[in-house]
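S.K.: Take the sequence shown: its letter number 211 is residue 1478 in the working numbering, and every next letter is one higher. Ideal Cβ positions, reconstructed from N, Cα and C, are used throughout, including at glycine. Everything numeric in this text was worked out from a predicted model, so none of it was measured.
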Amino acid sequence: MPQRGWRSWVYKLTRINFGLSPDEKYELDLRARVSRRPRGAYQIGVLGLKGGAGKTTTSVTLATTLAQVRGDRILVLDADPGYGNLAERTGRSSPASIADLVAAKEVSHYNDVRAHTSVNAANLEILPAEDYTAAQRGLSGDDMRYAVDTVSKFYNLVLADCGAGLFDPVTRGVLDTASAVVIVTNVSVDSARQAAAALDWLQRNGFHDLLRRACVVVNHVTQGETNVAEKELVRRFQQQVQPGRVIVLPWDKHIAAGTEIQFDQLDPLYRRRVLELAAALSDDFERAGRR
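Have a look at this one:
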């Protein structure tokens, strides 16, 4: 039954069903791709080497889309060694953090993890960073590997919102266990150069399988940015990743407000692009595990 456009109006008025529109069929196809079952534990690292590229908002909207479409257990965790702002963009219903999970050690059931997570309206679970003012020490690479390995036993998909770098032990811990990566850049020259360098680094340091499953997000973080720069960036990144894996996210008023993200307040085009990102990543679920 058509839900949008003239087909929907005709059906409501006459009960004549002209079928789904091409756009509705396209969205159903995207959702079917996202609904694929991953083979084994599947983790996605979201990276951005330049601050302000929109890495955390990409992590939140991508994870929320996956949770909303799939309906199974999805977790996003804060893997920023500099104590990221994941909790600020998702909301927080529990004071517990990833540091508490690591300290607990004895984690043998789903409820042991659930005691440390918050949850949003899409039933996405969030494992935030420890509050900076209360932190006794930073997380190590071993801590992150332990956390990811532990939660992966209980969740179908785990997303890690990483920091702005590749060389810190925490990010390396994510890369060591990741099944796929998303590299986030804005349309500035500096940010794009850093994103290209990240892809080159993956190639030169033995992460070849991970690179084949990489997606690049070109994120408009400022209103009114030109399409000329965007088109050139897309062309360059398309030469570094597999077809269909460069996604452009438009500027969004709700995202720009910097508050907790309410998914239903996002522009429909923004939501569609994130769904396309989720579908591109999901194409590997049935044929790929860890690198």
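Excluding the 5 residues flanking Gly1349 on each side, which residues of the same chain have their C-beta closer than 8 angstroms to its C-beta?
M.R.: Gly1430 and Ala1431
S.K.: In angstroms with no decimal places, state the Cα-to-Cα distance between Ala1389 and Gly1338.
M.R.: 8 angstroms
S.K.: Can you say whether Leu1329 is buried or exposed, counting buried as having 16 or more other CB atoms within 10 angstroms of its CB?
M.R.: A residue is called buried when at least 16 other Cβ atoms come within 10 angstroms of its Cβ; Leu1329 meets this threshold and is buried.
S.K.: The alpha helix (DSSP H) with Glu1373 in it runs from where to where?
M.R.: That residue, Glu1373, is in no alpha helix (DSSP H); it is neither H nor E in DSSP.
S.K.: So for Ile1528, helix, strand or coil by DSSP?
M.R.: coil
S.K.: Starting from Val1425, trace the alpha helix (DSSP H) in both directions and tell me its first and last residue.
M.R.: Counting along the chain, no alpha helix (DSSP H) covers Val1425; the unbroken beta strand (DSSP E) around it starts and ends at Leu1424 to Cys1429.
S.K.: Using the C-alpha atoms, what's the distance from Ile1514 back to Arg1540?
M.R.: 7 angstroms
S.K.: Am I right that Ala1546 and Arg1304 are in contact with their C-beta atoms under 8 angstroms? What's the rounded C-beta distance?
M.R.: That belief does not hold up - the Cβ atoms of Ala1546 and Arg1304 are roughly 14 angstroms apart, past 8 angstroms.
S.K.: Would Ser1458 be called buried (16 or more neighbouring beta carbons within 10 Å of its own) or exposed?
M.R.: buried
S.K.: Starting from the C-beta of Ala1363, find all residues in its chain whose C-beta is less than 6 angstroms away, skip the five residues before and the five after it, and write them out in chain order.
M.R.: His1383
S.K.: Give the straight-line distance between the Cα atoms of Gly1318 and Asn1453, rounded to the nearest whole angstrom.
M.R.: 10 angstroms
S.K.: Taking Ala1447 as part of the beta strand (DSSP E), name the residues at either end of that continuous run.
M.R.: Ala1447 to Asn1453
S.K.: Whose C-alpha, out of Leu1287, Asp1551, Phe1552 and Pro1517, is nearest the C-alpha of Thr1325?
M.R.: When C-alpha distances from Thr1325 are compared across Leu1287, Asp1551, Phe1552 and Pro1517, the shortest belongs to Pro1517.
S.K.: Once DSSP output is grouped into helix, strand and coil, what is the label at Ser1360?
M.R.: coil
S.K.: Here's the rule I'm using: 16 or more other beta-carbon atoms within 10 Å means buried, otherwise exposed. How should Leu1424 be labelled?
M.R.: buried
S.K.: Less than 7 angstroms between C-beta atoms, sequence neighbours within five positions excluded: which residues of the same chain meet that for Thr1331?
M.R.: Asn1387, Ala1389, Leu1391 and Phe1530
S.K.: Where do the ends of the beta strand (DSSP E) carrying Thr1345 lie?
M.R.: First, the residue type needs correcting, since residue 1345 is Asp and not Thr in the sequence shown. That run of the beta strand (DSSP E) goes Ile1341 to Ala1346.
S.K.: Secondary structure at Glu1355, three-state DSSP: helix, strand or coil?
M.R.: helix
S.K.: If contact is defined by three or more beta carbon pairs under 8 angstroms, each pair taking one atom from either stretch, is the stretch 1290 to 1300 in contact with the stretch 1405 to 1424?
M.R.: no
S.K.: Going by other Cβ atoms of all chains shown within 10 Å of its Cβ, with 16 needed for buried, is Gly1525 buried or exposed?
M.R.: exposed
S.K.: Since Ala1496 contacts Val1448 with CB under 8 angstroms, what's their CB separation in whole angstroms?
M.R.: Contact between Ala1496 and Val1448 is ruled out by a C-beta separation of about 23 angstroms, above the 8 angstroms threshold.
S.K.: How many Å lie between Lys1292 and Phe1474 at the Cα?
M.R.: 36 angstroms
S.K.: Determine the direct distance from the alpha carbon of Val1501 to that of Lys1372, and round the result to whole angstroms.
M.R.: 44 angstroms
S.K.: I need the DSSP call for Ser1385, collapsed to helix, strand or coil.
M.R.: strand
S.K.: Identify, in the order they occur along the chain, each residue of the same chain with its Cβ nearer than 7 angstroms to the Cβ of Glu1543, setting aside the five sequence neighbours on each side.
M.R.: Leu1297 and Ile1514
S.K.: On the criterion of 16 or more Cβ atoms from any shown chain inside 10 Å, does Ala1370 qualify as buried, or is it exposed?
M.R.: exposed
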